[in-house]
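Q:
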Amino acid sequence: MAGAFDFVPAIAALPLLAFVVSLFAGQYMPKRGAEAGILATAGSLVLSIWTALTVAGITGSATSYNENLYTWVAGVADGAVTLRLGVLVDPLTALMLVIVSLIALLVHVFSLGYMNDEGETGLPRYYAGLGLFTASMLAFVFSNNLLMAFMFFELVGLCSYLLIGFWFREDGPPSAAKKAFLVTRFGDYFFLIGVVGVFATFGTGLFAPITEGGTVVAESFPQMAEHALEDGESFFGYSAQTWITILGMLVLGGVVGKSAQFPLHTWLPDAMEGPTPVSALIHAATMVAAGVYLVARMYGFYLLSPTALAVIALIGGFTALFAATMGVVKQELKQVLAYSTISQYGYMMLALGSGGYVAAVFHLTTHAIFKALLFLGAGSVIIAMHHNENMWDMGGLKDRMPVTYWTFLSGSLALAGIVPFAGFWSKDEVLFEALIHGFGSTGTLGTMFLVAYAMGLLAVFFTGFYTFRMVYLTFHGDARTDVARDPEPVGWNVKGPLSVLGIGAATVGLINMKPIADLTGLHIDFLHKWLLGPEEGGWPALTSTGLHHYEELMHNVAGIDPAYPLGETTTLLVSALVSLSLALAGVLVARSLYNEPEPVEHTDKLGGAKTLLMHNYYQDEYQVWLAQGVTVPLARAADKFDQGVVDGVVNGISSVSLFTGSRFRRIQSGVVTNYAALMTLSLVLLLVVFVVLGGGV
Amino acid sequence: MAIQTQYFLLLSAAVFCIGVYGILTRRNALVFLMSVELMLNAANINLVAFSFHHGNLTGQVFSLFTMALAAAEVAIGIGIVLVLYRNFEDIDVTKAATMRW
Amino acid sequence: MTTRPRLATDVNYVNGLAALALFAVMGYVFMTSELGMPAGFADGSITASIGYAMFDMLDQAAIEAEGFLVAFIVIALVLDAALDGAVMLARREDDESVVAAITDGGRPLSGRESDGADAETATDDVTGGDD
Amino acid sequence: MPVAGPIEALLAVTLVGALAVFLAPDEWAGKLATAISLVPVAVSAWMYTAFDGAGNALLGGDLAFESTIGWVQLGRYELAYHVGLDGISMPLLLLTTVLTTLALVSSWTPIDERQSQFYGLMLLMEASLIGVFSALDFFMWLVFWEAVLIPMYFLIGVWGGPRRKYAAIKFFVYTNVATLIMFVGFMALVFGLGDSISTFDMPEIAQALRAGGNLSAVAGIQPANLSLIAFTLMFAGFAVKVPVFPVHTWLPDAHVEAPTPVSVMLAGVLLKMGTYALLRFNFTMLREVAEANAAIIVAFGVLSIIYGAMLALAQQDLKRIVAYSSISSMGYVIVGLVAFTPHGFGGATFQMISHGLISGLMFMTVGVIYNETHTRMVGDISGIADRMPWAVGIFVAAAFGYMGLPFMAGFAAEYLIFQGAFASSVIPAAPLVTGVAMFGIVIVAGYLLWAMQRTLFGEYSLATDYDVSRAPVHDVAPLVVLLALVIVLGVRPGLVYQMIQDAVNPLLDTALQGGVALW
């Protein structure tokens with residue numbers, strides 16, 4: 000009987016079909032290809048939900064699935080690895096599939112309002128891009144090995160490029176698209192080395208072992224690494240520990256690029272040049288999550304390297320704070336959201352780095368919902384404002400577009416981390432995990448976690464501040480421009496997705512209310528249980544991607560242990576209260592500064608810091624300098640060297656031969672006498688040589 | 000008592016070198032032709048000498064052919080000299096220094 | 000023709016040294032070589048033998064030789080051709096267009112243009128004189 | 000064994016076809032040549048399906064479509080007409096026939112004078128290329144190898160750009176001198192082998208060399224040094240054709256001056272002759288020397304990758320950009336070959352095919368844009384995406400293919416090369432070296448994205464006096480075919496990789512010892 004797992008490839012195949020249909024037939028369709036995309040993503044959503052239900056054990060017996068389906072390159076000789084594409088479904092995959100296909104569907108619907116109703120041209124191209132993106136992203140999610148993940152990782156990068164550059168007639172979008180691809184490519188370069196390295200080291204890139212009737216037929220690379228570590232093997236002249244760290248850091252390069260972490264975060268704010276639904280889908284909810292998802296996917300590998308974990312935590316914590324401070328001074332709506340996205344992914348990295356696997360996945364889920372909501376809300380505002388994104392030109396939109404306002408507010412509360420909205424639960428858990436592991440882990444690792452935690456905690460305040468600065472400037476006060484006084488109305492296709500997500504942002508946090516669970520003893524931490532799996536047997540035994548296994552590794556290999564300085568419950572409450580009060584403080588400061596009919600800019604009070612923040616800490620400047628101030632002159636110098644020296648030698652050789660030729664030509668005077676003399680002399684010489692050599696040997 | 004072969008060779012070398020000398024030092028095309036004639040005859044001397052040396056008449060027959068060829072060569076040579084004179088108003092071989100004029 | 004060919008008197012003696020050197024080398028070689036005494040001819044008429052050799056009648060020749068009939072014919076033809084060539088080259092200027100075409104590399108020279116009729120007669124003459 | 004096999008048919012059709020096209024009137028020479036060239040495509044496609052070879056041609060594998068005809072006795076050596084295909088040459092042959100047809104179609108627009116001669120020379124070149132990839136007798140191989148230069152010389156020198164004479168002569172002299180050097184090296188081996196070979200048959204020579212102990216001293220040079228010298232000379236000779244830094248400078252000049260279809264053939268097939276020969280001669284016959292000198296060879300490869308890419312970054316001419324990036328891409332082949340791993344060899348050979356298709360596609364696309372704009376300078380064109388959407392779309396796809404986008408042939412090739420090189424036990428510090436070589440994929444993205452942004456996107460403007468309109472169908476059709484091939488091979492590399500692997504694996508069968516390092 001064909002179960003849900005047999006249809007998993009179709010989850011990606013449907014949007015791929017939509018891509019082809021939109022590209023070639025989109026111009027003949029009434030909605031220019033949107034129909035295909037909506038149908039396909041709806042189909043994907045249904046299949047994803049079915050898959051999730053199967054994983055939950057409701058609609059089938061098997062709760063996980065891991066098969067190689069396609070041999071991409073068969074290695075014939077010994078030692079030649081075989082590269083395959085396959086499907087891995089476990090609770091993490093199922094969750095992510097549902098998130099991605101849900102948001103993709105909503106964004107497709109929203110696009111009807113944002114793109115079709117606005118009379119854009121080139122829509123088949125747009126929907127084709129969305130379709131290809133959705134397909135690649137979903138395929139990335141259910142990839143069962145690292146190479147397949149990389150391949151689709153690159154494809155989503157391509158789609159990101161195509162969609163950011165959708166308005167190619169202007170100067171900005173193509174440039175931003177180029178930057179986005181190039182910066183992520185730089186990260187992917189390290190990722191690719193990592194992929195090659197993993198295959199060369201372990202001969203496989205499987206995330207989870209493949210079993211047949213209970214016996215393992217193909218081991219996964221995290222497991223092999225684990226064994227190698229136990230056996231004290233060495234690879235390429237390094238100890239297993241060092242080598243695993245190196246590989247982990249290399250793969251992390253791709254993660255940092257895609258998830259827009261410091262220092263490769265610079266592309267994401269620029270990427271806001273793309274259409275807003277694209278920003279919602281790609282640059283907030285899904286593609287940017289790919290990096291974090293990848294770390295979660297191969298978490299069993301990262302747990303073997305405490306160094307890599309510390310780096311992930313520090314990058315995450317720093318990025319969370321760093322990006323949040325930049326979000327404080329931005330004037331464009333989408334820019335604020337972009338920096339907020341960077342910051343929030345920083346939290347997820349922080350969680351992963353400090354051993355908070357569930358927290359990271361939880362925050363990934365809630366963030367996908369509320370950030371997609373915020374972007375779509377921003378899109379709605381942008382439609383209303385005739386594509387003016389400057390918040391200082393808005394104001395007072397609250398009464399004129401209530402659906403947008405209330406949903407946007409729901410998302411903002413979630414983002415700021417106000418109880419009981421989604422963001423509170425997840426962010427609190429992230430910080431809590433970092434805190435207890437920081438105290439519990441030994442040596443520098445614990446210190447690193449605490450440093451990262453401190454940065455993350457501080458960022459909570461900024462998050463609350465910039466979120467509500469945005470809300471107040473956009474929706475409250477008096478309308479500051481004519482457009483804001485009379486905004487363009489938005490249709491059902493905008494309000495529908497907003498409402499769905501608005502409710503989601505308020506409620507999705509309920510899936511894992513850990514503090515409540517701990518306090519009351521109720522077992523309502525569903526996500527935790529979802530990722531934990533059954534105690535004995537079931538999918539964790541097959542895939543070894545269960546939480547139990549990770550906790551063992553944390554304890555045994557990485558030396559990460561929880562510790563509760565104030566007792567378990569008190570620590571939990573104090574942690575939650577601290578972060579909540581910081582968030583509220585941020586909100587209140589924003590309220591006091593901007594919640595007035597005619598708000599004024601307060602950024603001047605920051606003094607020198609304002610310039611620094613407005614210029615994004617000169618991150619773009621130094622990266623542009625690296626490209627234009629170092630690489631381009633270097634290329635020019637290489638070109639000069641090539642033209643002058645290398646080719647100069649070639650031309651020099653040819654001119655030497657031309658010169659000697661012109662000299663030798665003078666012998667050819669045309670005078671018979673000279674020829675005769677030369678002949679005679681040569682004959683004499685030849686004879687003398689023969690005589691000397693002893694006569695014709 | 001016949002004369003040793005190398006003396007014939009020496010004679011032919013002398014005649015040949017006189018011919019070569021003429022070609023090298025003179026510029027007059029007619030003198031060239033004469034010099035070439037000398038060189039051909041030096042070859043003839045060689046042919047006859049070796050014919051005698053080996054007791055085989057082939058060399059002598061060949062020298063006859065050579066004479067015939069020399070005649071042909073002179074005929075053409077004189078013709079060329081005439082053309083040369085027509086084109087350059089002179090028969091100085093150093094004047095005709097290009098293949099095409 | 001107001002001038003006539005004269006012997007060039009400005010002789011280049013330096014080049015002549017090459018000829019002397021050649022003589023020295025050849026002389027040295029010849030005089031140091033050990034050829035031994037000549038074998039000489041067998042009895043019989045040398046002249047008659049040459050005649051037989053030329054006509055491939057070696058069985059009648061008194062002295063050893065090889066047959067040269069083909070060479071003889073070839074030489075005859077060459078001589079004939081050479082004489083024709085000499086005549087052609089030596090033809091007067093008036094009807095020289097073909098000759099000029101051969102000797103000047105075909106480049107038309109100003110003042111030496113000849114009309115088509117002349118060229119044709121020249122061609123006829125050349126072919127006609129081929130005997 | 001039948002004497003007139005499919006290879007003979009290919010040679011006959013192209014040669015007779017070339018003659019027929021030479022005699023045809025200019026008006027329909029292009030159509031005639033294209034029609035004729037479809038025959039080799041069909042024949043080689045049939046050959047692909049009927050391919051029954053196994054193993055490596057030089058190392059005693061079973062050859063497909065083999066035929067041998069004795070020719071002349073040259074001293075001790077017997078020269079023969081000997082052709083046959085193995086898993087390495089079959090895909091290259093297919094590449095040649097397909098690319099020739101597409102290049103012929105893409106010539107219809109830009110070639111507007113002396114058509115019959117142009118198309119005749121193109122077919123002549125196809126014949127020679129087929130010969131190069133199928134010949135197994137050294138003498139015959141050399142004849143074809145040199146015969147390729149002649150049509151190429153005229154194609155650049157007659158139909159080229161303003162500096163065509165310089166470029167054509169440079170190309171000809173450079174590659175010809177290289178052949179001479181290579182020839183000296185090979186002859187040194189032949190003399191060194193002495194009595195152990197009696198023909199110039201490449202399999203016989205290769206097996207004699209691989210067997211070991213057959214080389215004897217020549218002119219006082221000991222066998223080990225002799226093979227080192229021969230290796231160096233042959234490497235130098237073939238490196239020019241590839242081209243490898245620092246003997247690459249003929250390439251950009253030739254590409255810039257050559258008309259589009261000629262560039263396509265030059266980048267698509269002619270460069271592969273160099274790497275094909277390297278694989279057949281240096282890395283098959285003198286494996287131990289190659290292994291001993293792997294550090295130096297891989298340095299040349301890595302230098303070519305990075306240096307070529309850096310040069311491409313500095314160019315303003317679209318064709319020059321692609322030309323320099325070809326140097327970069329061919330550097331990957333060198334790295335793959337010298338790794339001496341299954342995927343290294345296989346990936347390198349696969350890269351020959353994939354680069355042939357992708358660079359051909361790239362040059363054709365640039366050509367289509369040039370046909371409409373009459374300029375190739377990045378600064379002169381902007382925003383043509385509006386005017387010629389399909390051509391631009393394909394340009395973008397081709398550029399991403401060049402950058403190694405997954406599911407396109409370039410990614411498969413490059414990934415396999417990296418995989419092979421990383422695990423190499425021959426290259427010193429293989430992971431590090433591979434990592435450095437891979438940086439090429441970042442630079443290539445840099446210059447192609449930059450060029451695309453400047454030329455394709457933004458507001459429409461053009462520095463020349465032409466009006467850009469949609470490219471004609473016969474210009475775009477070859478692009479579509481090539482793009483489809485690139486994607487098919489990217490999704491299913493096994494279509495050719497299977498036979499490639501079968502042919503390259505015997506190269507690794509026996510470990511040879513005793514190579515002498517250069518230092």
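So the sequences go chain by chain: A, B, C and D.
Quick note: the first sequence uses numbering that gives the first Met the number 0, first residue 0, plus one each step.
Quick note: the second sequence uses numbering that gives the first Met the number 0, first residue 0, plus one each step.
Quick note: the third sequence uses numbering that gives the first Met the number 0, first residue 0, plus one each step.
Quick note: the fourth sequence uses numbering that gives the first Met the number 0, first residue 0, plus one each step.
Glycine included, C-beta positions come from ideal geometry on N, C-alpha and C.
Being a predicted model, the structure only gives us computed values, none of them experimental.
Among D/Trp389, D/Ser328 and D/Leu455, which one has its Cα closest to the Cα of D/Met437?
A: Within the fourth sequence, residue 437 of chain D is the residue found at index 438, counting from 1. Closest by alpha carbon: D/Ser328.
Q: Have a look at A/Tyr126 and A/Val277 and give me their C-alpha separation to the nearest angstrom.
A: Here the question's residue 126 of chain A lines up with position 127 in the first sequence. Here the question's residue 277 of chain A lines up with position 278 in the first sequence. Answer to the nearest angstrom: the Cα atoms are 10 angstroms apart.
Q: Give the residues of chain A in contact with C/Leu21, contact being defined as C-beta atoms less than 7 angstroms apart.
A: Against the third sequence, residue 21 of chain C aligns to sequence position 22. Ordered by position in chain A, the residues that pass the 7 angstroms Cβ test against C/Leu21 are Thr679, Leu682 and Val683.
Q: Starting from D/Ile149, trace the alpha helix (DSSP H) in both directions and tell me its first and last residue.
A: As a position in the fourth sequence, residue 149 of chain D is number 150, starting the count at 1. From DSSP, the alpha helix (DSSP H) with D/Ile149 extends over Leu148 to Trp158.
Q: Starting from A/Thr610, trace the alpha helix (DSSP H) both ways and give me its first and last residue.
A: Position 611 of the first sequence, counting from 1, holds the residue named residue 610 of chain A. Unbroken alpha helix (DSSP H) run through A/Thr610: Gly607 to Met613.
Q: Below 9 angstroms between beta carbons is the criterion; list the residues of the stretch 162 to 176 of chain A that meet it against any residue of chain D, in chain order.
A: Listed by position along the chain: Gly164, Phe167, Arg168, Glu169, Asp170, Pro172, Pro173, Ser174 and Ala176.
Q: Tell me the rounded alpha-carbon separation between A/Ser174 and A/Leu267.
A: Against the first sequence, residue 174 of chain A aligns to sequence position 175. Against the first sequence, residue 267 of chain A aligns to sequence position 268. So the two alpha carbons sit approximately 13 angstroms from each other.
Q: Quick one: residues in its chain with C-beta nearer than 7 angstroms to the C-beta of D/His473, no 5 flanking neighbours on either side, listed in chain order?
A: As a position in the fourth sequence, residue 473 of chain D is number 474, starting the count at 1. If we look at D/His473 and ignore the five residues flanking it on each side, its Cβ neighbours are Val104 and Trp107.
Q: Determine the chain A residues that contact B/Val80 at a beta-carbon separation under 9 angstroms, and present them in chain order.
A: Working through the second sequence from its first residue, we reach residue 80 of chain B at position 81. Within 9 angstroms Cβ-Cβ: nothing; B/Val80 doesn't reach chain A, min ~12 angstroms.
Q: Where A/Thr679 and C/Leu21 are concerned, what is the direct C-alpha to C-alpha distance, given to the nearest angstrom?
A: What you label residue 679 of chain A is simply residue 680 of the first sequence in a count that begins at 1. What you label residue 21 of chain C is simply residue 22 of the third sequence in a count that begins at 1. Looking at the two C-alpha atoms, the distance is approximately 7 angstroms.
Q: In the DSSP assignment, the alpha helix (DSSP H) including D/Gly419 goes from what residue to what residue?
A: On the fourth sequence, position 420 is the one that residue 419 of chain D refers to. It spans Ala408 to Phe421 - the alpha helix (DSSP H) in which D/Gly419 sits, taken as one unbroken run.
Q: So A/Ser100 and A/Leu68 are in contact, right, with Cβ under 8 angstroms, and what is the actual spacing, rounded?
A: In the first sequence, counting from the first residue as 1, residue 100 of chain A sits at position 101. In the first sequence, counting from the first residue as 1, residue 68 of chain A sits at position 69. About 20 angstroms separates the two Cβ atoms, so there is no contact after all.
Q: Looking at the structure shown, is A/Phe235 part of a helix, part of a strand, or coil, going by DSSP?
A: Reading the first sequence from its first residue, position 236 is the one you call residue 235 of chain A. DSSP places A/Phe235 in coil when its eight states are reduced to three.
Q: In chain A, what lies closer than 8 angstroms to B/Leu23 by C-beta?
A: One-based indexing of the second sequence puts residue 23 of chain B at position 24. In chain order: Thr672, Ala675, Ala676 and Thr679.
Q: Determine whether the Cβ of D/Pro245 lies closer than 7 angstroms to any Cβ atom of chain A.
A: Counting from 1 along the fourth sequence, the entry for residue 245 of chain D is found at position 246. Closer than 7 angstroms: yes.
Q: Counting only beta-carbon separations shorter than 7 angstroms, does B/Val19 have a partner in chain A?
A: Locating residue 19 of chain B in the second sequence gives position 20, counting from the first residue. It does: the Cβ of B/Val19 has a partner Cβ on chain A nearer than 7 angstroms.
Q: Looking only at its own chain, which residues have a Cβ that is under 7 angstroms from the Cβ of D/Ile320, when we skip the five neighbours before and after it?
A: Stepping through the fourth sequence from its first residue, residue 320 of chain D is reached at position 321. The answer, listed in chain order, is Ala311, Gln314, Tyr446 and Ala450.
Q: Mapping DSSP to helix, strand and coil, what is A/Ala319?
A: In the first sequence, the residue the question calls residue 319 of chain A occupies position 320. The answer is helix: DSSP assigns A/Ala319 an H, G or I state.
Q: Compute the distance between the beta-carbons of D/Ile68 and D/Tyr76, then report whether it is under 7 angstroms.
A: Walking along the fourth sequence from the start, residue 68 of chain D turns up at place 69. Walking along the fourth sequence from the start, residue 76 of chain D turns up at place 77. Going by C-beta atoms, D/Ile68 is not nearer than 7 angstroms to D/Tyr76.
Q: Return the CA-CA distance between C/Met25 and A/Ser681, expressed in angstroms with no decimal places.
A: Position 26 of the third sequence, counted from the first residue, corresponds to residue 25 of chain C. Position 682 of the first sequence, counted from the first residue, corresponds to residue 681 of chain A. Cα to Cα, the separation comes out at about 13 angstroms.
Q: Taking the continuous beta strand (DSSP E) assigned at D/Glu519, which residues delimit it?
A: Residue 519 of chain D lies beyond the residue range present for chain D, which begins at 0 and ends at 518; the question has no answer from this structure.
Q: At the 7 angstroms Cβ level, is C/Ala17 part of the contact set with chain A, yes or no?
A: If you number the third sequence from 1, residue 17 of chain C lands on position 18. Interface residue, yes.
Q: Any beta carbon from chain D within less than 7 angstroms of A/Asp603's own beta carbon?
A: Locating residue 603 of chain A in the first sequence gives position 604, counting from the first residue. By this cut-off, A/Asp603 is not an interface position.
Q: Quick check: A/Gly130 and A/Phe18, are their CB atoms within less than 7 angstroms of each other?
A: The sequence position of residue 130 of chain A within the first sequence is 131, counting from 1. The sequence position of residue 18 of chain A within the first sequence is 19, counting from 1. Yes, Cβ-Cβ distance for A/Gly130 and A/Phe18 is below 7 angstroms.
Q: Thinking just about the alpha-carbon of each residue, which of A/Leu46, A/Tyr27 and A/Gly25 is nearest to the one in A/Ala697?
A: For residue 697 of chain A there is no data in the structure shown, the boundaries of chain A being 0 and 696.
Q: For the stretch 302 to 310 of chain A and the stretch 176 to 183 of chain A, state whether three or more C-beta atom pairs, one from each stretch, are separated by less than 8 angstroms.
A: As far as the Cβ criterion goes, the stretch 302 to 310 of chain A does not touch the stretch 176 to 183 of chain A, which means the pair count is below three.
Q: Please confirm whether C/Arg111 has its beta-carbon closer than 7 angstroms to some beta-carbon of chain A.
A: In the third sequence, residue 111 of chain C corresponds to position 112, counting from 1. Bear in mind that a pLDDT of 41 at C/Arg111, under 50, signals an unreliable position, so the number given afterwards is only what the model happens to contain. False, the Cβ-Cβ gap to chain A never drops below 7 angstroms.
Q: Would you report the Cα separation of D/Leu98 and D/Ala17, rounded to the nearest angstrom?
A: As a position in the fourth sequence, residue 98 of chain D is number 99, starting the count at 1. As a position in the fourth sequence, residue 17 of chain D is number 18, starting the count at 1. So the alpha carbons of these two residues sit roughly 16 angstroms apart.
Q: Could you work out which residues of chain A lie near D/Val441, taking near to mean beta carbons separated by less than 7 angstroms?
A: Here residue 441 of chain D corresponds to residue number 442 of the fourth sequence, with the count starting at 1. Under the 7 angstroms cutoff, chain A gives Arg184, Phe185 and Tyr188.
Q: Going by C-alpha distance, which of A/Ile37, A/Gly36 and A/Ser63 is nearest A/Trp49?
A: By 1-based counting over the first sequence, the position of residue 49 of chain A is 50. Taking only the C-alpha atoms, the option nearest A/Trp49 is A/Ser63.
Q: Kindly indicate which residue of D/Glu7, D/Leu14, D/Gln72 and D/Ile87 has the alpha-carbon position closest to the one of D/Val64.
A: Working through the fourth sequence from its first residue, we reach residue 64 of chain D at position 65. Reading off the sequence, residue 64 of chain D comes out as Phe, not Val. Taking only the C-alpha atoms, the option nearest D/Phe64 is D/Glu7.
Q: Name, please, each residue of chain A whose Cβ falls closer than 8 angstroms to the Cβ of D/Thr248.
A: Along the fourth sequence, one-based indexing puts residue 248 of chain D at 249. Those within 8 angstroms of D/Thr248 in chain A are Asp641, Val645, Asp646 and Val649.
Q: Is there at least one Cβ from chain A nearer than 7 angstroms to C/Val24's Cβ?
A: On the third sequence, residue 24 of chain C is found 25 positions in, with the first residue counted as 1. Yes, because at least one Cβ of chain A sits closer than 7 angstroms to the Cβ of C/Val24.
Q: What does C/Ile74 reach in chain B if we use C-beta pairs closer than 7 angstroms?
A: Taking the first residue of the third sequence as 1, we reach residue 74 of chain C at position 75. Correct list: Phe64, Ala67 and Leu68.
Q: Within 10 Å of its beta-carbon, does C/Thr126 have 16 or more other beta-carbons around it, so buried, or fewer, so exposed?
A: Within the third sequence, the letter at position 127 stands for residue 126 of chain C. For C/Thr126, the pLDDT reaches just 38, beneath the cut-off of 50, and the residue's location in the model is therefore unreliable, although a value from the coordinates is still provided. By the neighbour-count rule (16 or more Cβ atoms within 10 Å), C/Thr126 is not buried but exposed.
Q: Can you name the start and end residues of the alpha helix (DSSP H) that A/Leu456 belongs to?
A: As a working mapping, residue 456 of chain A is identified with position 457 in the first sequence. Element bounds for A/Leu456: Gly442 to Phe474.
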